[in-house]
Every structure is written in structure tokens, then in C-alpha cells.
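Chains as they are written, first to last, in this note's numbering: chain A, 15 to 299; chain B, 15 to 299; chain C, 15 to 299; chain D, 15 to 299.
Glycine included, every Cβ here is placed at the ideal spot set by N, Cα and C.
There are 4 protein chains.
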Amino acid sequence: MEVLKPGDIVLMVGADGRRRLITLQENQSYHTHRGTIPHSELIGKPPGRVVSTQLGYPYLVLEPGVADLIRNIKRITQIVYPKDAAYIVMRLNLSAGKRVLEAGTGSGGLTIALAKAVMPGGHVVSCEVRGDIHRLAARNLEKLGLLPYVTLFNRDLSEGCDVQYVDAVFLDMKEPWQHLDYVEEALRPGGFFGSLLPTTNQVSALLDGLSQHNFMDISVEELLLRPYKPVAERLRPTDRMIAHSGYLIFARRVETSDEARRWFSPIRRMHRDKYLGKGEGEEDA
Amino acid sequence: MEVLKPGDIVLMVGADGRRRLITLQENQSYHTHRGTIPHSELIGKPPGRVVSTQLGYPYLVLEPGVADLIRNIKRITQIVYPKDAAYIVMRLNLSAGKRVLEAGTGSGGLTIALAKAVMPGGHVVSCEVRGDIHRLAARNLEKLGLLPYVTLFNRDLSEGCDVQYVDAVFLDMKEPWQHLDYVEEALRPGGFFGSLLPTTNQVSALLDGLSQHNFMDISVEELLLRPYKPVAERLRPTDRMIAHSGYLIFARRVETSDEARRWFSPIRRMHRDKYLGKGEGEEDA
Amino acid sequence: MEVLKPGDIVLMVGADGRRRLITLQENQSYHTHRGTIPHSELIGKPPGRVVSTQLGYPYLVLEPGVADLIRNIKRITQIVYPKDAAYIVMRLNLSAGKRVLEAGTGSGGLTIALAKAVMPGGHVVSCEVRGDIHRLAARNLEKLGLLPYVTLFNRDLSEGCDVQYVDAVFLDMKEPWQHLDYVEEALRPGGFFGSLLPTTNQVSALLDGLSQHNFMDISVEELLLRPYKPVAERLRPTDRMIAHSGYLIFARRVETSDEARRWFSPIRRMHRDKYLGKGEGEEDA
Amino acid sequence: MEVLKPGDIVLMVGADGRRRLITLQENQSYHTHRGTIPHSELIGKPPGRVVSTQLGYPYLVLEPGVADLIRNIKRITQIVYPKDAAYIVMRLNLSAGKRVLEAGTGSGGLTIALAKAVMPGGHVVSCEVRGDIHRLAARNLEKLGLLPYVTLFNRDLSEGCDVQYVDAVFLDMKEPWQHLDYVEEALRPGGFFGSLLPTTNQVSALLDGLSQHNFMDISVEELLLRPYKPVAERLRPTDRMIAHSGYLIFARRVETSDEARRWFSPIRRMHRDKYLGKGEGEEDA
Chain A
15 MEVLKPGDIV LMVGADGRRR LITLQENQSY HTHRGTIPHS ELIGKPPGRV
65 VSTQLGYPYL VLEPGVADLI RNIKRITQIV YPKDAAYIVM RLNLSAGKRV
115 LEAGTGSGGL TIALAKAVMP GGHVVSCEVR GDIHRLAARN LEKLGLLPYV
165 TLFNRDLSEG CDVQYVDAVF LDMKEPWQHL DYVEEALRPG GFFGSLLPTT
215 NQVSALLDGL SQHNFMDISV EELLLRPYKP VAERLRPTDR MIAHSGYLIF
265 ARRVETSDEA RRWFSPIRRM HRDKYLGKGE GEEDA
Chain B
15 MEVLKPGDIV LMVGADGRRR LITLQENQSY HTHRGTIPHS ELIGKPPGRV
65 VSTQLGYPYL VLEPGVADLI RNIKRITQIV YPKDAAYIVM RLNLSAGKRV
115 LEAGTGSGGL TIALAKAVMP GGHVVSCEVR GDIHRLAARN LEKLGLLPYV
165 TLFNRDLSEG CDVQYVDAVF LDMKEPWQHL DYVEEALRPG GFFGSLLPTT
215 NQVSALLDGL SQHNFMDISV EELLLRPYKP VAERLRPTDR MIAHSGYLIF
265 ARRVETSDEA RRWFSPIRRM HRDKYLGKGE GEEDA
Chain C
15 MEVLKPGDIV LMVGADGRRR LITLQENQSY HTHRGTIPHS ELIGKPPGRV
65 VSTQLGYPYL VLEPGVADLI RNIKRITQIV YPKDAAYIVM RLNLSAGKRV
115 LEAGTGSGGL TIALAKAVMP GGHVVSCEVR GDIHRLAARN LEKLGLLPYV
165 TLFNRDLSEG CDVQYVDAVF LDMKEPWQHL DYVEEALRPG GFFGSLLPTT
215 NQVSALLDGL SQHNFMDISV EELLLRPYKP VAERLRPTDR MIAHSGYLIF
265 ARRVETSDEA RRWFSPIRRM HRDKYLGKGE GEEDA
Chain D
15 MEVLKPGDIV LMVGADGRRR LITLQENQSY HTHRGTIPHS ELIGKPPGRV
65 VSTQLGYPYL VLEPGVADLI RNIKRITQIV YPKDAAYIVM RLNLSAGKRV
115 LEAGTGSGGL TIALAKAVMP GGHVVSCEVR GDIHRLAARN LEKLGLLPYV
165 TLFNRDLSEG CDVQYVDAVF LDMKEPWQHL DYVEEALRPG GFFGSLLPTT
215 NQVSALLDGL SQHNFMDISV EELLLRPYKP VAERLRPTDR MIAHSGYLIF
265 ARRVETSDEA RRWFSPIRRM HRDKYLGKGE GEEDA
């Protein structure tokens, strides 16, 4: 059975719901408001246990999942939530061996998910224009041992990122539509494009940009995660939830033409649906 | 540049939104209501193109992503939607090399996502009690070349699946609470447990079961995917959406005790939150 | 006890969930796929009963509620759903005696809710530019005996509607921002303004317009109604739901100035929230 | 033009989003963190204006709408949110002249909406078992001048409320299923029943109870209100929202029989839908 060793990152969960990531080190202790737990009580033992402080308060010792890492790394930027990160990985069709370009890196939360998805054999290239954020992401990924699968650049995407024919590109930035010429070049034909944008105005601007470049099969989606109180005899949603993380835009890099785009235009399709008496927006099964 | 070859599975997207998976074969044609496209026009050329029928109707030729596979494979059971499949993969912390047990297999949609996540080096073991469904899943996975990463059993989970110390278990069945003794044994300490259930009554029953076994860090969540019409100048959600696929329950396999469970009981936490003047259900950041 | 009489509108609910409004008439029958029910079996008896066709199929006989009326009147326009109609009535602060201006009338669904809210003593004035729609609304309201509380004009709002100092105005039209000069005049100081718009682009245009007129306390909201299958032992949401009816915009008619608007600008508030370390968008309790 | 006078309740809205109800009195002032505004500056003038403190901070002076009253009255119980209150009023089919029974009263938020809907000519009878809550509700309704339309009892519903043949009953209590015998008696045939419950377990228990009494046309629904930041050039949902207020259950009081209930059973309908190849839960248009 696997046991914890110095350098391992462990998730400590308190009975009050508090979740903290700690890096195990000999001669260190985990300090809480309710007493301390020496790391030596964790090292050499398996995770998946309950350990108590000297004051008797129990803590759960867990190997963190990727969702825990994303939520609990140090960050100075808006997080890409696990629900979105998971869906982005699937919609970019990432699996072991794929090559993906990300910009901007931010604190590296999504980068963790991308790296875990393409390793081993695949690679993530990620650009971040702000130096302090770039350095934080580098530290976060190093701690998790993910740097072999990631190349981080401290530069603007427009300066180029030494990649071509990548399988997927994800843009998490204010004006992704400014970079579509570059993305069109960097992405292999048929490649997967994605972006996350907080406002509807940005979504409209990106849709506009995509319609003037070689992208098709465009979709705009939103994911809402609704948590419940996990109580068998009083099951109910929590009182509050995250109402908005961002709009997700996905598209495919396609050799196309103005004529083809007109054929596939969603407006054209809306008119056709109306003509056919179908509910607007009903999916063709 | 990569080109399509016989045996490749291709996604054909029509201007009417229809999406079909086809397997390329010499001397075959793709037949639509608007004319045909010989496979020979696709073979030997890259995907990511627009090709027209002899009647002039254009079709998009794409390499299918995992989400396309899940949605478009043959199936005789309720689908696990891509939004849920993606989140399940993340919450079970799957990445290359991990070993995961699934029951039941169903038509194999989630199995595809699990296999893509753990390959190469990892493995999926999946049980399905119904013979016809088991055989369909096997055919679906074979077509996609995923059988090297998956072992399918046509049996009930309670008969055992020749696994132990797996990293994760996912139960997609009517009464998962009947199988918790087995899951407790099959899952390594600290391992990741998940389940998808359509009704609130089942969620309550599973929460009850989990509270009597060695599971903690339990959560119940729901994911809602809201699609938009991707029209820059008339951006809006579609008229209708999937309102419910299922409740997602996640937990960790933990060596615990009745006392520890009492400490971490969500009811206890609800009372404490009230006492502390916190909104019930507010997350402790 | 009240009994049904000729001219009453009755809601017939079949065991298949079908809901139909019928107007009771002597010597008439309600024809269904599963047999007929003579109106004479309903007239002279109370509603709230189960009545069967000659073939033995039971139908529920109910007095329709306003939500039933809205959903089941004849219509040639997009419906304002009951969930939205109810909320609009509350946010326009309508109660007996209030005077409200609506444009356009559409098939009269919302007009029914407005009339029921302000009667007796109040009044609804409603404009509709299209003749066929105007006439349909008139027939719908006449059947329900609501014409004493409603004045319908077949004209564009810009031609004026002979009202001033109304308590509330609701605009359900494509370009409500074109009419804000008129609304500013028609609405009494402090009066309530509302609008329903399907696209985000329209919402932005209306917000722009409101910010250049005497409106404040502006809000944009959306209501989602999630129906459940009402089965005690298998409680769960339905598979599909209406994903979007429209964005609801509310504001108050206020004597204001450019300086006051700057003070109350939501952008200014977003900056202040950030400065104060509050989550953007968190409500000040 | 109408002007404000002593005794009027006014809503003061600050540039920081704070909303406070005040009752105008001669020789009083409204005190804020940013200075004071003497009531004398409001009395004798119309609402719908911007007024500044002596320090120059502007406040919006508004006549409160019902939604503002519900949100801002003094309360010691969980609020019924305006979105739910509005929908309840519509689904109970309340309009001027109707008679409605409510239990429990709580702080009186929903009672305000019910009273405003049935006045004049209608009446609300409301029971509350806890004395302190009953007294608070009485004070809240008195301040708003609504007591002529409301009779408040400080007793348990099971002790009876001196009503019969009311048009509608609404139960906002922990175990409404305990009171269905009484409701069945108090409600006129065809009358409207509603309840609000926070947990799924309670919903199941109430559905069970309703199925053993004379109720049909049962529905379970949930309303989600999603607020947006009202900024034209950066339109987006707020970061957080209320995720759950409660499940809404509605039904009609009907003379029925076990056989009729079987015909209309939702399970029977689910089977039939499956048989007919319809999506489970699809509405029969």
C-alpha cells in the first residue's frame, strides 16, 4: 500500500469544511485554530485517514484530486472552476499525447487540468503576459511536478509561442478575437478551439471574429453547478451558488469559404427551423 | 499533415445541424436526404473540410471529439451526457495510468471517456448485467479501438470483478447502496467514489448507505448545461434545454469511525453554521 | 355552492396531461380522442370534479387559473410565460386601482394578468400595431369578460395612447429603447417600468437608452422554472425545460441628473466593490 | 401630483446599493454613514427624486414596491422571496375579492403579497403558532395599512381558523401533510392549494399525503432568479445567486376517487409516455 512521503501534497479537510493543501516536510506541523498535527504523523502512512490534533479535533487526510488542486492553489487571478476546466478538457478532445496551446496562463489552474489530461507524451504550451502571474503559475506547476509537461512563456500571444499544428487552443483573455489570425495558423486543420468569456458583449465580439476566420461548428454554452447539502433525511440544494463563471465558446478549425459559412449560418438555420415549424433552437436530434 | 484512411470514424455535420458518425470504407458512400458523398472523396485527405453532395449540399467533415462519440454512438440505454462524463472524470481524479471500476457499462458512453482519460497505462474494468447491453458496449468500444484499455464483464457487480485497490469506482445503476460493501473492498484507501442517480429518493438512500460505510468528504451536485444560439447580433439561450440528467454523488474511501463521522456530519455542520451566524450552506472558503 | 353555467370557461384535463379550455354551451359536447362529454353534464354542477366520456375515460373539470388562461388562449405570437407574467405584475407593483400601459398587446396573455391584478378600479391600456394580433387579443379578453378593465389600441406606441401619469409601463416589443421619450412622459414620477427582451444585444441597447433618460434603480433578471415529476417515491426534475423566455428589465421613473446617474452607475459600484474587497456582484444585504 | 406625507413608508436607495425602508415623521432624519437627510426634505414633495445628505451623498427616494416591502420588512423567519410570492399569487389564482387561508404567517412577507392581491373585497386569514412571530407579522401589516384585509390568528392550523369554502390555501410549515384533512374541508371544491418546502424529503411526504386526499392536478416546481449586472457594455450575470428558496407544490381540491387517481397517476403517465415513444417528462403541448 502506498504511503505518504516528504514532498507529497496533501489535502487537509476539517470538520468545519475548511480545505487546505499542505506540502509534507519532516519536522513541520500543520497549524489550525484547533491545535496542530505534526507532519510526522502523516509521513510513512497511507492517506485516506482521520488524524486528530493534540486537542482532539479530527482532520481528514486526503490525496488531493485535480478539482481540489484547482480550487486551492495560490492565485491572484480569477479561477477557472473545476466544472468548466473538466468540460474544456473534454470539448478540446484532450487525451494522452495531445498538444495544446493556452493563453493566458493565469495562476495555472486550468493548466493543471490540461497537463494532467495530455500527459505523458503530450504537451501544454501556455503564454502569460504579466510577469508576476507567470511566475506564480510556474511555482504552482513546479510544486505539483507538472513542469515536464508544460512550457510557460512570459509573453503576449501575439509575439508567437513557437508552436504549430497543435491539436487544440484555449484562450482565456479579454479580447480573444484579436488573436484569431494567429490561432488559425497555430491550430492544425480540424483542431479544437475554445474560449471562456465573462460578458455577453465579449461573446458577440468573438462570434463575429470567428465568422470572419476559418472556424465552424461553433457553440456557446454555460455550465451551472448546483451543490446540495448531502443529508439523507433533509436533501436540498445549498442556499447560494456560483451564478456565473463565464460563457464557454467552442469551435473547430476548418478550411471553409464564405459560401460554406452562409450555408451553416445559425441565422439561416433559425429561419429554416421556423419555416419547418420546428421550435427555434430545438436541436436536430 | 494527417489524412483520413479507411476505418477512421468521421463526424459529418450538415447545414441543418444533423450530426452523424460514419466509418470510412473504400467503395462506400454517405447517403443523406440531400444527395450522397462517396467515402473516396474523404479518404486520403485531411479532416476539417467542407465537402458537398452531388446535389451541392455542403457537409462538414470532422474528426469526432469524445463528446461527439458519447452523443452519437449506438445506444439502448440512457446516455451519460458529456457535461457529466467530463466532470466525473475530473472528480474521480482520472489521468494516464489510473485504474477505475465502472458498473453498469450501459452503452459504453462513459466508458469511452474513462478509457480516454486513463490510457495509456491505465485500465477500465466495467460490469454490465444485461447481455444485450454488454455486447453493444463491446462493439462500440471496439470500433473506437479502445478495447486494449477496457475489460468488460457481463455480470452483476456483486459477483465480483477481479479487481482490488482500484483508484476509483463509478456506479451507474438503480441501487448503488446495495454494493457498498464490495466497493469498500475494491477501492484503495483514499480512493475516489462516484455515482449518478436520477431521483432524490435514490440520492437519500445512497447517502444513508455511505454514512454506514467507510466514506467521507461526501458531496451531491448537479450540472446544468445551458446552450446559446451562437449568433453575434442576436445572442440568447436556446428555447429549451436538458433540465435533468442526474444527481452526481462523490465521496472518498476513508478509514473512519462512527465518532469521526459524527464530527464531520453535515447536520452537525449546519447547526454550527447557524450558531456562528453563517448562512446555512455557505461554503467555508 | 357555485355551479357552472353556460358561457363559463372550463379547463378540461385528460389523464394524458392534455389541457384544453372550453366555453360551456347548451347542446354542445367536448370531443376527445377517447369519446365525448356533453356540456350538459357539466352545467349546473360545481367544478372540481372528475367526469368520464361515454367510453369511460375520465377528465378533470376545473375552473382555469390565470396561468391556465395564459397558456391556453389562442395565440399567434410568442407567449409571456406565467412565471414571467406573475413576476412582472409584482415588479410593476400592480394592485387593485392601478393604471398600467402595455405595448405591444400580443395575443393578450400578459394583458389578462395585468387586468386581473388592477381590477376593479384600475385600468390597462394596451397598444398593438398589427391588426390581426390586436383583434385576437380583443376576442381573448372579451371571452374572459375582462374588456371593462382594458382599453386596446390598434396603433404604434409612438402615435400615443391617450394616457398620462400611469403607475406603470411594460414594453414587450423589439426596440423598446426607441420609445423611452414617450414612456418618460406617460409614466408618473416614481412610476414602474418593465420590459421583456429575448437577446442580450437588445438588453444592452435598452440599458443604454435608460441611462440617457430619467430612469434609475435598474435591474436585469431572468427567471427559470424547473418542473418536477410529482411522484413521491421517484421525485426528480423533468427531462427537459424551457431554457429561456426572455430577460426582464425593470427600472423606476425618477427625476435625475447626469451627476446622480454617475453616482449610481453600476460600473462605479463594481469598482467600489473591488476596492472594498467585496465579491463583484455581491448584493449589499 | 401626489406628494409624500407623514406616515408614508419610503424606500431609500444609496449609491452603494443599500436599500432601507423608513416611515416619514415630522422632525425626524434619515441617518446614514454618509450624512443625514431630514424627513422634512421629503414630506410635501413627490417621490421618484434624488436627495442628498448634508455631506453631498445622493439617495434615491422611492415608493416601495411589494417586492421591496417583502425584502425589507423586519423579520425573524426565513423569507418567502418575491419571485416565489409572485408566482404563488398567480398559481393560487388570487385577484380582488378572493378569500385565502395561509399558515404559518411567518414575518408576514407573503401575507403582504396575498393581501395586496385580494384587496379590496377579498380577505386573508393567516395562522401562526409562535406568539413572537405572530406579533411581528401584525406590526408589519399594520404599518403598511393592510390589517383591514387580513385576520391573524396566533394558533396552530389544527385548532381551526374559522374559515370555510375559501378559494385558496397556502401552507408554509414543516409538515403540511399533517393538515390535509383540515385543508380538504376548508377549501371549496375546485379550490387552489399551494405549499413551499425546502427539502426533497418533505416534498415526497406531501405528495404522498395529497395522493390520499381529494387533490389532483398536482405539480412540483422550482423558480430560479438569475440577476445580471445592468451594464450595457459588460452585460453578465452576477457572480453569485440564491440557489434554493424552496420547492413549490400546487394542487387542486377535487372530488375524486381512488380509481380516478390511478388514471391520472404520474407513474402511469410515465409508462404511457415511454410506450408512445415520447420523452419521459415531455409536456403534452
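- List the DSSP bridge partners of Ala117(D). Answer is Cys141(D), Leu185(D), bridged to Ala117(D).
- Verify the CB distance criterion: does Glu12(C) have a CB-CB separation below 9 angstroms to chain D? Any property of residue 12(C) remains undetermined from this structure, which presents chain C solely from 15 to 299.
- Message: Less than 6 angstroms between C-beta atoms, sequence neighbours within five positions excluded: which residues of the same chain meet that for Glu184(C)?
- Response: It is Phe, not Glu, that sits at residue 184(C) in the sequence shown. If the five residues before and after Phe184(C) are omitted, its C-beta is found closer than 6 angstroms to the C-beta atoms of Glu116, Gly208, all from its own chain and listed in chain order.
- Using a C-beta cutoff of 9 angstroms, does Ser209(C) count as contacting chain A? It does not; no Cβ of chain A falls within 9 angstroms.
- Three-state secondary structure (DSSP) at Arg85(C)? Three-state result, Arg85(C): helix.
- Task: Mind checking the segment 188-219 of chain D against chain B and listing, in chain order, the residues whose C-beta falls within less than 7 angstroms of any C-beta there?
- Result: Identification of residues in the segment 188-219 of chain D having a C-beta nearer than 7 angstroms to some C-beta of chain B yields Thr214, Asn215, Ser218, given in sequence order.
- Item | From Ser109(D), Gly122(D), Val138(D), Val94(D), residue whose alpha carbon lies closest to that of Met133(C) | With distances taken between Cα atoms, Met133(C) lies closest to Ser109(D).
- Using a beta-carbon distance below 9 angstroms, is Ser172(D) in contact with chain C? Proximity of Ser172(D) to chain C, defined by a Cβ-Cβ separation below 9 angstroms, is not satisfied.
- Item | Best match in Lys157(B), Ala246(B), Ala200(B), Gly159(B) for proximity to Val139(B) [C-alpha to C-alpha] | Nearest of Lys157(B), Ala246(B), Ala200(B), Gly159(B) to Val139(B), Cα basis: Ala200(B).
- Message: So, with DSSP's three-state summary, where would you put Asp222(C)?
- Response: Helix at Asp222(C).
- Query: Does the ligand COA have even one heavy atom less than 8 angstroms from the beta-carbon of Gly204(B)?
  - Reply: As presented, the structure is devoid of all ligands, the ligand COA included, so that no description of it is given.
- Could you tell me if Glu77(D) is buried or exposed, where buried requires 16 or more neighbouring beta carbons within 10 angstroms of its beta carbon? Taking every protein chain shown into account, the CB of Glu77(D) has 16 or more other CB atoms within 10 angstroms, so this residue is buried.
- Per DSSP, cross-strand counterpart(s) of Glu269(C): Arg63(D).
- Task: Give the residues of chain C in contact with Arg240(B), contact being defined as C-beta atoms less than 7 angstroms apart.
- Result: The answer, in chain order, is Ala257.
- Could you have a look at Ser54(B) and say whether DSSP puts it in helix, strand or coil? In this structure, DSSP gives Ser54(B) a helical state, which the three-state scheme calls helix.
- Query: Taking C-beta to C-beta, are Asp195(A) and Leu106(A) nearer than 9 angstroms?
  - Reply: With contacts defined as CB atoms closer than 9 angstroms, Asp195(A) and Leu106(A) fail to qualify as a contacting pair.
- Neighbourhood of Ser233(A) by C-beta distance below 6 angstroms, restricted to the same chain and skipping five residues each side: Spatial neighbours of Ser233(A) in its own chain (CB-CB distance under 6 angstroms, excluding positions within 5 residues in sequence) are listed in chain order as Phe264.
- Item | Any C-beta of chain C under 9 angstroms from that of Asp22(D) | No, its Cβ sits nowhere closer than 9 angstroms to a Cβ of chain C.
- Item | Span of the beta strand (DSSP E), counted from its first residue to its last, around Pro72(D) | Its beta strand (DSSP E) spans residues 72-76.
- Query: Exposed or buried, Lys188(A), counting other C-beta atoms within 10 Å across all chains shown (16 or more means buried)?
  - Reply: That one is exposed.
- Please say whether Tyr44(C) and Ile36(C) have beta carbons closer to each other than 9 angstroms? At a Cβ-Cβ threshold of 9 angstroms, Ile36(C) and Tyr44(C) count as neighbours.
- List the whole-angstrom C-beta distance separating Tyr101(C) from Lys97(D), where the pair is believed to meet the contact cut-off of C-beta under 8 angstroms. Contact flag correct, Cβ pair sits at about 6 angstroms.
- Task: Mark Leu161(B) as exposed unless 16 or more other C-beta atoms lie within 10 angstroms of its C-beta, in which case mark it buried.
- Result: Under this definition Leu161(B) is an exposed residue.
- Query: the segment 249-277 of chain C: which residues have C-beta closer than 8 angstroms to a C-beta of chain B, in chain order?
  - Reply: Correct list: Leu249, Arg250, Pro251, Thr252, Asp253, Arg254, Met255, Ile256, Ala257, His258.
- Through-space distance from Ser218(B) to Ser172(D), alpha-carbon basis: Near 30 angstroms, if we compare the C-alpha coordinates of Ser218(B) and Ser172(D).
- Cα separation between Leu262(A) and Pro203(A)? Looking at the two C-alpha atoms, the distance is approximately 21 angstroms.
- Message: Checking 9 angstroms against the spacing of the C-beta atoms, do Arg149(A) and Asn86(A) come in under that value?
- Response: No, these two residues do not count as a Cβ contact at 9 angstroms.
- Task: Tell me where the beta strand (DSSP E) around Glu2(A) begins and ends.
- Result: Coverage of chain A is limited to positions 15 through 299, which leaves residue 2(A) absent and any answer about it impossible.
- Let me know if Gln3(D) comes out buried or exposed under the rule of 16 or more other beta-carbons within 10 Å of its beta-carbon. There is simply no residue 3(D) to check, as chain D begins at 15 and stops at 299 in what is shown.
- Quick one: does Glu247(A) have its CB under 9 angstroms from some CB of chain D? At a cut-off of 9 angstroms between C-beta atoms, Glu247(A) counts as an interface residue with respect to chain D.
- Query: Does any CB atom of chain B fall closer than 9 angstroms to the CB of Met26(A)?
  - Reply: Answer no: the Cβ-Cβ gap between Met26(A) and chain B never drops below 9 angstroms.
- Query: Do you know whose CA, among Lys243(D), Leu221(D), Thr213(D), lies nearest Leu221(C)'s CA?
  - Reply: For Leu221(C), the nearest C-alpha among the options comes from Lys243(D).
- Could you check the C-alpha separation between Ala246(A) and Arg32(A) for me, to the nearest Å? Computed Cα separation, rounded: 22 angstroms.
- Task: Using a Cβ-Cβ cut-off of 9 angstroms, state whether Gly58(C) counts as contacting chain D.
- Result: Taking Cβ atoms only, chain D never reaches closer than 9 angstroms to Gly58(C), which makes this a no.
- Message: Can you look up Glu247(A) in the DSSP assignment and give me helix, strand or coil?
- Response: Assigned with DSSP and collapsed to three states, Glu247(A) falls in helix.
- Query: Between Ile84(A) and Ile93(A), which are expected to be in contact by the criterion C-beta below 8 angstroms, what is the C-beta distance as a whole number of angstroms?
  - Reply: The Cβ separation is near 7 angstroms, so the contact holds.
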